[in-house]
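Numbering (my numbering), first residue to last: 9 to 470. We treat Cβ as the ideally placed atom computed from N, Cα and C, and that holds for glycine. Remarks on the structure that follows.
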């Protein structure tokens, strides 16, 4: 599914918070290190556990319960360099919720979150939601490490449900995805109050960002809650529109090709890029069938209720296998109730804060022609083009980890994302306009894993 760790290499309010304070490591007790830890309470949390740690980055958290490398698998190239040595407070916990997909910390409770408060704070907050159906530690290496080293506080949510069976959450179609948006809003508001408790004032700047489904959350939050944020960076966000395009209009052709009932031309017709064919065998084994069936089950459970049925499967083979019926799935002809379910979570393009979008031209899960190209046009149609920049990353694909397999044909998007984040903060804080929309070319040589300048061929809006 969308950057899911399920693949190989693979609301009751008003509850009093139960605060579980972890033992403080012996390293850290001088100066302002972990100051006011005893005053930090996450508003609305049912449970929280806070810890004073000598290093909040993945380098320092490796081998501890404060991160999960398995949940980060495939998101970054193996040679990715990350900073280290950021002491501070980590808060883990969960908000009241009725679903139980997330077993992290043995809690078997969804709506889990992590908040990191560096000792040396720059006055800013970065919020994200997990990509795909991963959980709250998924972007620790891709996002948390870098922003912590720059002095930002960091907050991430599991979105309220996770795993291949996420669609079973909620009472009606679309509930599970709608909860993603609500949980991100909830965490943003809570994290701002936590920062005020720890540092004595609320954040001066708050940024929303994310990968894949986290990019969708970024778009949705800037459309629906711009008052909470100063801007965002969207890394290949999923596009949902009631009348299409969306995942359910592009993936059936991919499933049909997997099952031998469609041609390459059928994939090109729904947006898949010529030149991305070398990535298709991996995606048909890992992503296409799984993603189509579980999102179809989320929004259209009446279509072939036997597949995936009560569960997406128990073995990797069952989880990843496509439903044969999805090869013929025609979203346009499905009942109005299905379109209404998607409409509940659809994007409009009406962003209220600056947004930078990045999308790889070789994305073989969310092809840019059916996703970010469309979203850029939506933003323009709402008269918000002046708030938006759109960068196509030549050689970029949906998961940076595939660079390790195809280093001569791909480039990681993460270095470009880091440059885009810096460009966003300069745009917001210093009024330095970022470069115009452009294609960021893949250099013939040089360090594509560690650097990316936002230079290249300027383009017209798609």
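Near residue i, which residues of its chain fall below 6 angstroms by C-beta distance, leaving aside the five closest residues on each side in sequence?
i	result
residue 227	242, 245 and 355
residue 82	407 and 409
residue 132	160, 211 and 213
residue 201	51
residue 173	319 and 320
residue 77	none
residue 284	370 and 372
residue 464	446, 447, 448 and 449
In chain order, what residues of the same chain have a beta carbon less than 8 angstroms from the beta carbon of residue i, not counting five sequence neighbours either side?
i	result
residue 75	66, 69, 145 and 148
residue 265	271, 272, 274, 275, 288 and 292
residue 466	443, 444, 445 and 446
residue 225	136, 137, 167, 188, 189, 192, 216, 218 and 245
residue 108	116, 117 and 118
residue 234	359, 360 and 361
Out of the options, which has the shortest C-alpha to C-alpha gap to residue i?
i	options	result
residue 321	297, 341, 336 and 339	297
residue 319	80, 176 and 41	176
residue 469	248, 353 and 398	398
residue 54	115, 213, 375 and 327	115
residue 152	93, 411 and 105	93
residue 99	50, 422 and 294	50
residue 454	433, 428 and 416	416
residue 247	150, 220, 267 and 233	220
residue 43	96, 86 and 91	96
residue 124	195, 424 and 112	195
residue 240	225, 216 and 423	216
residue 303	73, 104, 443 and 353	353
residue 396	121, 445 and 233	445
residue 332	268, 373 and 179	268
residue 263	141, 294 and 249	294
residue 378	129, 437, 438 and 251	251
residue 40	126, 463 and 285	126
residue 351	316, 181 and 158	181
residue 122	449, 102, 254 and 328	102
residue 313	326, 299, 328 and 334	334
residue 457	77, 73, 90 and 59	90
residue 134	328, 238, 301 and 339	238
residue 142	80, 158 and 155	80
residue 73	112, 106 and 60	112
residue 130	150, 105 and 158	158
residue 178	229, 106 and 164	106
residue 357	56, 230 and 165	230
residue 414	162, 290, 339 and 199	290
residue 249	163, 301 and 339	339
residue 84	139, 232, 254 and 329	139
residue 459	429, 439 and 423	423
Express the C-alpha separation of residue j and residue i in angstroms, rounding to a whole number.
i	j	result
residue 205	residue 64	19 angstroms
residue 197	residue 236	8 angstroms
residue 110	residue 52	19 angstroms
residue 208	residue 383	39 angstroms
residue 324	residue 393	43 angstroms
residue 29	residue 88	With a pLDDT of 36 at residue 29, under the threshold of 50, the modelled position of this residue cannot be trusted, and the question is left open.
residue 370	residue 381	13 angstroms
residue 336	residue 223	28 angstroms
residue 451	residue 368	14 angstroms
residue 86	residue 412	7 angstroms
residue 435	residue 441	5 angstroms
residue 47	residue 128	18 angstroms
residue 419	residue 425	12 angstroms
residue 427	residue 317	43 angstroms
residue 375	residue 299	14 angstroms
residue 155	residue 433	11 angstroms
residue 120	residue 58	14 angstroms
residue 165	residue 150	15 angstroms
residue 315	residue 203	45 angstroms
Measuring only from the beta carbon, is residue i closer than 7 angstroms to any heavy atom that is part of the ligand ATP?
i	result
residue 192	Only the bare structure without any ligand can be found here, which leaves the ligand ATP out of the picture.
Spatial neighbours of residue i within its chain, please: CB distance less than 7 angstroms, with the 5 preceding and 5 following residues excluded, ordered by chain position.
i	result
residue 421	243, 366, 368, 401, 404 and 408
residue 327	14, 172, 298, 320 and 321
residue 31	Only weak support is given to the placement of residue 31: the predicted model assigns it a pLDDT of 35, under 50, and the question is left unresolved by the model.
residue 431	364, 442 and 462
### Minimum length 3: unbroken beta strand (DSSP E) runs contained in the stretch 335-422
Correct list: 363-368 and 396-401.
### Message
Within 8 angstroms, do at least three Cβ pairs link the stretch 379-387 to the stretch 361-368?
### Response
Result yes; three or more Cβ-Cβ pairs closer than 8 angstroms.
### Query
Is the number of C-beta pairs between the stretch 158-171 and the stretch 180-196 that are closer than 8 angstroms three or more?
Judged by Cβ distances under 8 angstroms, the stretch 158-171 makes contact with the stretch 180-196, as three or more pairs qualify.
### Message
Within 8 angstroms, do at least three Cβ pairs link the stretch 305-316 to the stretch 340-353?
### Response
Short answer: they touch.
#### Entry: Those runs of the alpha helix (DSSP H) which lie wholly inside the stretch 68-139 and span at least 4 residues
Fully enclosed alpha helix (DSSP H) runs of 4 or longer: not present.
### Query
Touching or not, the stretch 271-289 and the stretch 248-261, by the rule of three or more beta carbon pairs under 8 angstroms?
They touch, by the three-pair rule.
### Query
Which runs of the alpha helix (DSSP H), 4 residues or longer, sit entirely within the stretch 272-333?
Whole alpha helix (DSSP H) segments, 4+ residues: 272-277, 288-294, 296-307 and 324-328.
### Query
For the stretch 181-235, which segments carrying the beta strand (DSSP E) assignment without a break, of at least 3 residues, lie completely within its bounds, in sequence order?
Taking 3 residues as the shortest admissible run, the stretch 181-235 contains the following complete beta strand (DSSP E) segments, listed from N- to C-terminal end: 213-219.
### Message
Could you tell me which whole beta strand (DSSP E) segments of length 3 or greater appear in the stretch 146-179?
### Response
The stretch 146-179 contains these whole beta strand (DSSP E) runs: 161-165.
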